[in-house]
Amino acid sequence: MRTEIRVNGVDHAVDVDTRTSLLDFLREQLDLKGSKKGCDHGQCGACTVLVNGVRINACLSLAVMHDGDEVTTIEGLASGEALHPLQQAFLTEDAFQCGYCTPGQICSAVGLMAEIAAGHPSDATADLNAKVILTDAEIRERMSGNICRCSAYPQILAAVRRAAGAAA
Amino acid sequence: MSTVRDWAVPNPITENRSGLIGKPVDRYEGRLKVTGTAPYAFEVETPSTPLYGHIVSATIARGRITAIDLSQAASAPGVVLAWSHLDVPVQAQRGAKLNPRSQRGSNPALGSDRVEHYGQSIAFILADTPENARSAEARIRISYEASDADLDFGSFIDSAGPVPGEEDARIGDFEAGYSASEVTVDATWFSPLQNHAQMEPCATTAWWEGDKVVVHTSIQMVKGGQHALAETLGIPSDRVRLLTRYIGGGFGGKGQSYDDLTLAALAARESGRPVRVAYTRRQMFQATVHRPAVQMRVRLGADGTGRLNAMALEAVTHCARNSTFVEHAAEFARNLYAAPHRLTGHRLVRLDIPHAGAMRAPGEAPGMLSLECAMDELADRLGMDPIALRIRNEPEVDPDNAKPFSIRQLVRCMQEGAQQFGWDRRNPTPGAVRDGRWYVGMGMATAIRGNFLLPAKAGLRLTGDGLATLTQGMTDIGTGTYTILAQITGETLGLPLDQVRVELGDSDMPPAPGSGGQFGAATAGSAAFETGMVMRRRLAELATSDPRSPLYGEDPVLMDFANGNIVLGNRSESLAALASRAGPEGVYVEGSISPAADARDWSQHTYGAQFAEVGVDSVTGEVRLRRMFGVFAAGRILNAKLAKSQITGGMIWGVGAALTESNAVDPRYGSFLNQDLGGYLAPVHADIVNLDAVLLDEADDKANPMGIKGVGELGICGSGAAIANAVYNACGVRLRDYPLTPDKVLAALEAKGL
Amino acid sequence: MKPFAFERARNVDHALSLAAAAPGARFLAGGTNLLDLMKLEIEQPDTLIDVGRLPLADISETAGGGLRIGALATNTLVASDPRVRSRYPVLARAILSGSCVQLRNKASMGGNLMQRTRCAYFMDPAMPCNKRLPGSGCSAMGGLSQAIALFGASEFCVAVSASDMSVALAVLDAEVETVRADGSVRRRPVETLHRLPGDAPQVDTDLAPDELILAVELPPPPSGGQVWRKVRARASYVGALASIAVAGDRVALGAVAARPWRARATEAALAGGASPREAAEAELVSASGADGRKSLVRRLATDAIQESRKGGRS
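Chains as they are written, first to last, in the numbering used here: chain W, 26 to 193; chain E, 222 to 975; chain F, 2 to 315.
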């Protein structure tokens, strides 16, 4: 089915199998293999990408659902040689080991920053009517859709905190 | 053969003049990983457009396939071929070895009509797209004849048999010692079946170059995978090139190859095209190895002062019917505490379920969940502090074999941990501390895990551009192998890190045993170090024998290496210049490490102390971590940052083992209850609160020339026991059936009238 | 995944006419549950009608002082809306305790209501399951799963609802508005949208195949404290072992039945002056199943009602 989709700033007009997930489309057709397939069922977060600036699981979406959308993957975060602040923070804090969940973690953290800026609450928000502040508990809860089996959670927390501090 | 005395001589690593050893440098391959450009096995570039394979899994526990019709699947859109046991190409019989020196025998896929466990591969579909390959499965018609299967571990525990070739370890007279003890503990713990749940499912990309197959696969052991595939295909191993450069988690579960490797290679040969095959998440649960369940009975007998008189740990576990794997859950207990009368041993049940296998810290991980809680119970009964009880039973020499310890800083780990954690603030009375509706408690446990050195080789090339490239058939499963090998090579040759390259995961490279058993860093690293030393000698000879060198005519043994130069006094020459003169290929050497002949004259382990504070919801029985801290001693640390990541990662595995992780076999079907990451609960970020660790300064000169030891598995050891002990301290409930899920905690609270 | 036709609905009428013309079609919004099940071939629609871009995402005030939430408002949008947060905190908290941000960013109001059970035996196509394959049996009975209904189960099915959000909607007396291809619009309490299994557990809701959820309407919030509590085996990103929503003198339980379970007996007991504990007990009189599950619900309900009387939680 004809689908027009912009990925990391590049327009693509393609015919895709209606069954093709956004994840498989990115990986197998656009050769953007940074987004990972950990479970293919929305239970790990390794496929997290940003669609129109919002983080979603690319495995639980069909490519044909994204006609006209703008997708950003891990490959689209750095500016040339300069890493995105979150990529640099993950590197500095050693916020990964095997690296397989990492692109999803980083895309997820990029989405998290936008959600904080927009004032979205989370399960960890103490008062739903107060301004949302990026506490450690907020970061942990909001990053809980990204499983890291190597269990780099303390370092992921530090990386998000570092990048958030730099942005503030 | 070498002796450990050779290792006590100062060397570039122990002298650490440029300070690369221990330095918390960023991960060598980190940039590739944070930009999503590290190619994992399924993602490597192929010489032409690939095809996609999909494996079809059995839905009975045991029996045979009486009929299988693939015709509809084979004619489905895009399908290139479909195989069952009837038409899969010929493979060698299971276990066969053409080459007696192969590390692994043949491991055929779709080898017969027999089904040996639920989820076993029974058919394979190759198609032009992943969607077409997968959807063709629904067109397959299969009939089975099911036979009786032994599936329920619990119902066979009492009839468990001895482990072939193993005897119980008995020292003294346990029964007499136990019955003569003033204070005793006798209790039974259960650790459930657990899954590795690596984030990257097993995957292979394969293609043929003439009569040689190239396979990129996700595996921890390069040679094991290469040999298994060669034997399965019935070809010499030099016709299999296996690559495994980036691995999305292993934890022991990828210590062997699976059917993705075999079927990708076969399908690539048959189709003449590159083929990609990955396991689904469900297949990762049903068709790869798991940690088996273990039942552990612990008996402790002590005098009134807490001195242990008798200690027994008897473990019952399971493996697949045709397997020999044993989860040695009692073994660690042999080396931990002094007690004159001792009994440890294992019993085994064979089941018709997927293979049990190694999972991070096999043995210790479940084993310490029993003994370290039994010690807590004993301390409670004695009215003693749990740390004081352990110090009272700290042995002078290894209690199993009377060998001296190479170094043992267990007591220091406990004492420093207690101080930094604030153990003195623990109220020993259970249930005494509340925070709103939460009971709050603290617990501790020790950690012990063996240290190993295996034979390994490495290659090292110095080129005219001044770069040193280390090559090794080793793997980095996230442990940091790339990084530490670069640090070792840089320090050994006096080269800055930006002049060192590391290439791993290729069967064409000098072999190393791979990643597992926490032996990787010591083994691969020692080989890299020795290879660096060979290079130093070669370069010294080259310089001192070459009239064009300012060092010509000098004694090669006097040469020093620093800042990219070979140096003697105020004369020096750059390594780049030396390598340039040697020819266009530069200088290449190989080196190797072997265990010292006398290394096992010492008891060698890594140690630690784990501290946890938990909250127990008094209403619901939910247990949540509030903070956790560990102190560990594991030899010289090569990279402070990466080693800590390994350690805290292990501790978090212990949190999962204590609180959330378990699987169970449905005895009606042979399937696992949890077949996805929504059901099998590895910890998520919100579960891990305020968790930290420190590593003590240490060097173990009996371990290897660098005095380093492994850190990959130590962190999980005792971690879960500290949490279980904290749960007891919080609410007075002793739960011995892991994980401590809300339903069990709540039932126990109610039983106490809480 | 079985091949299927994909239609992009241009407007509501277009979506409805597509549905009427294609039996075996399913509406697709966020897709987070439907696509998951299609990958497992538990769902096998011939046609997907993508309604994801229809203008049904608004949240607006109603004349009666409540809120109307469009069926396509994402879970994130609803939980972040200041009106929902201040007036219906029980709903915001229920949504925020469900799943993870990535899924809530995609999952819609209507889709959440339509999500199917996550019973382990329903999710494995190789197992007997009357909900998935009518007549094949129920393997959850006598199985290992603890997610067994306490209320409203039948001899054919003991599965529980996986939706946290709908428990809060039930306690708020929310209504679901739907439209069919013939133009008929229907409203019913969210409580009755979902069916109990009876002898047809394969039918989850009272919706006709061509019936599309347009909106959920919340009446003004009841006076009194609102409380949401979810008991779970890990701290986040996991389904409830049991949950409870309290709003004023109303109580609804989650993960204990095939639909969000309004605890009417509890409410009646409270109205009659019973203590929270007695009121919790009143509901359990009609419960079947394991004692441990009943204990959990008793303790949870007692505590949550007490909390609501202290003013609840914003």
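Even glycine gets a Cβ: it sits at the ideal position worked out from N, Cα and C.
Pick from the options that is closest to residue i, judged by C-alpha positions
{"i": "Arg613(E)", "options": "Thr713(E), Pro960(E) and Gly525(E)", "result": "Gly525(E)"}
{"i": "Leu219(F)", "options": "Glu62(F), Ala16(F) and Arg233(F)", "result": "Glu62(F)"}
{"i": "Ala972(E)", "options": "Gly953(E), Asp958(E), Pro960(E) and Leu961(E)", "result": "Gly953(E)"}
{"i": "Val161(F)", "options": "Ala258(F), Gly313(F), Arg196(F) and Val177(F)", "result": "Ala258(F)"}
{"i": "Met663(E)", "options": "Trp644(E), Gln708(E) and Arg633(E)", "result": "Trp644(E)"}
{"i": "Pro888(E)", "options": "Ser305(E), Ala523(E), Asp573(E) and Ala514(E)", "result": "Asp573(E)"}
{"i": "Arg335(E)", "options": "Arg285(E), Asp369(E), Gln312(E) and Ala294(E)", "result": "Arg285(E)"}
{"i": "Ile96(F)", "options": "Ile149(F), Ser309(F), Ser244(F) and Pro126(F)", "result": "Ser244(F)"}
{"i": "Ala485(E)", "options": "Ala677(E), Leu347(E) and Thr704(E)", "result": "Leu347(E)"}
{"i": "Gly871(E)", "options": "Asn860(E), Ala885(E), Pro777(E) and Phe853(E)", "result": "Phe853(E)"}
{"i": "Ile814(E)", "options": "Met754(E), Gln447(E), Leu961(E) and Met532(E)", "result": "Met754(E)"}
{"i": "Arg757(E)", "options": "Asp781(E), Ser292(E) and Pro260(E)", "result": "Asp781(E)"}
{"i": "Asp82(F)", "options": "Leu153(W), Val41(W) and Glu95(W)", "result": "Leu153(W)"}
Those residues which DSSP pairs with residue i across a bridge
{"i": "Glu724(E)", "result": "Thr692(E)"}
{"i": "Trp429(E)", "result": "Val434(E)"}
{"i": "Tyr660(E)", "result": "Arg655(E) and Val837(E)"}
{"i": "Arg230(F)", "result": "Ile245(F)"}
{"i": "Gln831(E)", "result": "Ala666(E) and Gly851(E)"}
{"i": "Ile60(F)", "result": "Ile70(F)"}
{"i": "Tyr532(E)", "result": "Looking at the sequence shown, residue 532(E) is not Tyr but Met. Leu521(E) and Arg563(E)."}
{"i": "Cys158(F)", "result": "Ser155(F)"}
Residue i classed as buried or exposed, judged by whether at least 16 other C-beta atoms fall within 10 angstroms
{"i": "Ile30(W)", "result": "buried"}
{"i": "Ile944(E)", "result": "buried"}
{"i": "Gln314(E)", "result": "exposed"}
{"i": "Asn34(F)", "result": "buried"}
{"i": "Ser269(E)", "result": "exposed"}
{"i": "Gly711(E)", "result": "buried"}
{"i": "Arg857(E)", "result": "buried"}
{"i": "Pro587(E)", "result": "buried"}
is_contact[residue i, chain W] using C-beta, thresh 8 Å
{"i": "Thr700(E)", "result": "yes"}
{"i": "Ser244(F)", "result": "no"}
{"i": "Glu264(E)", "result": "yes"}
{"i": "Met420(E)", "result": "yes"}
Residue-chain proximity (residue i, chain F), Cβ-Cβ < 8 Å
{"i": "Ala783(E)", "result": "no"}
{"i": "Tyr890(E)", "result": "yes"}
{"i": "His37(W)", "result": "no"}
{"i": "Val840(E)", "result": "yes"}
{"i": "Glu352(E)", "result": "yes"}
{"i": "Leu463(E)", "result": "no"}
{"i": "Leu48(W)", "result": "no"}
{"i": "Asp152(W)", "result": "yes"}
{"i": "Thr962(E)", "result": "yes"}
CB contact below 8 Å: residue i versus chain E
{"i": "Ile158(W)", "result": "no"}
{"i": "Asp40(W)", "result": "no"}
{"i": "Arg278(F)", "result": "no"}
{"i": "Asp119(W)", "result": "yes"}
{"i": "His145(W)", "result": "no"}
{"i": "Glu398(F)", "result": "Here chain F has residues from 2 to 315 only, and residue 398(F) is not among them."}
Contact list for the stretch 901 to 912 of chain E against chain W, Cβ threshold 9 Å
If the cut-off is 9 Å between Cβ atoms, the stretch 901 to 912 of chain E has Ala903, Pro904, Val905, His906, Ala907, Asp908, Ile909, Val910, Asn911 and Leu912 near chain W.
Compile a chain-ordered list of the residues in the stretch 866 to 889 of chain E whose CB is closer than 7 Å to at least one CB of chain W.
Ser866, Thr869, Gly870, Ile873 and Trp874
Please list the residues of the stretch 101 to 127 of chain F that have a C-beta atom closer than 8 Å to any C-beta atom in chain W, keeping them in chain order.
Cys101, Val102, Gln103, Leu104, Asn106 and Lys107
Which residues, in chain order, does the stretch 149 to 175 of chain F contribute to contact with chain E at a C-beta distance below 8 Å?
none
Chain-ordered residues of the stretch 235 to 255 of chain E with a beta carbon less than 7 Å from chain W
The stretch 235 to 255 of chain E vs chain W, Cβ under 7 Å: Asp247, Arg248, Gly251, Arg252, Lys254 and Val255.
Contact list for the stretch 73 to 104 of chain W against chain F, Cβ threshold 8 Å:
Thr73, Val79, Arg80, Ile81, Asn82, Leu85, Ser86, Leu87, Val89, Met90 and Asp92
Selection of the stretch 276 to 295 of chain E by Cβ proximity to chain F, strictly under 8 Å:
Thr280
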